[in-house]
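S.K.: Basically the numbering used here = 1-based index in the sequence shown + 22.
Glycine is no exception: its CB is placed at the ideal position from the N, C-alpha and C atoms.
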Amino acid sequence: MHLLENCPPECNEIIQKLKESFYVDNLVSGVFNVNELEQFIEKSKNIMSRGCFNLRGFESNVVYKNVDKNSGCTSVLGIIWDLDNDTLSCLNLQPVLGELRITKRVILSIVQRIFDPIGK
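This is the structure we're talking about:
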């Protein structure tokens with residue numbers, strides 16, 4: 023990303039995290055504590071705003087003023103993240119399997135759902 027390569031050196035840690043954490047238009051990353059969360063949100067929003075990118079819709083499993091959602095379940099690249107228990111899980115496929123005759127096509131379709139970040 024041209025934007026990230028032209029930032030000041032003091033932002034190198036955040037820049038590296040941003041480079042490694044984008045998937046299309048989603049940023050998925052993690053931090054170890056609330057102080058890191060605060061710095062990451064503030065600095066990443068500042069860096070990305072230089073290129074007119076509006077980072078928004080932050081979700082975390084801790085309560086913080088700049089986080090839009092901090093409890094319940096949310097979808098992270100097609101995987102369900104339980105914010106309360108901080109666990110990841112795949113969609114329950116049992117109801118789908120009960121309704122269909124099992125074929126190679128059905129199996130491939132179900133497996134693809136797990137790995138397709140935007141599919142259902």
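Exposed or buried, which one is I69 when buried takes at least 16 other CB atoms within 10 Å?
M.R.: The residue is buried, with at least 16 neighbouring Cβ atoms inside 10 Å.
S.K.: On the DSSP bridge list, what partners appear for F44?
M.R.: F44 pairs with L49.
S.K.: For L25, which of V56, L130, F62 and K67 has the nearest alpha-carbon?
M.R.: Taking only the C-alpha atoms, the option nearest L25 is K67.
S.K.: So the candidates are E27, V84 and V128; which of them puts its Cα closest to the Cα of G73?
M.R.: Nearest option by C-alpha distance: E27.
S.K.: Measuring only the C-alpha atoms, how far is R135 from N34?
M.R.: In a straight line, the C-alpha of R135 is about 36 Å away from that of N34.
S.K.: Could you name the residues of the same chain whose beta carbon sits closer than 6 Å to that of I37, not counting the 5 residues immediately before and after it, in chain order?
M.R.: Correct list, in chain order: L26 and C29.
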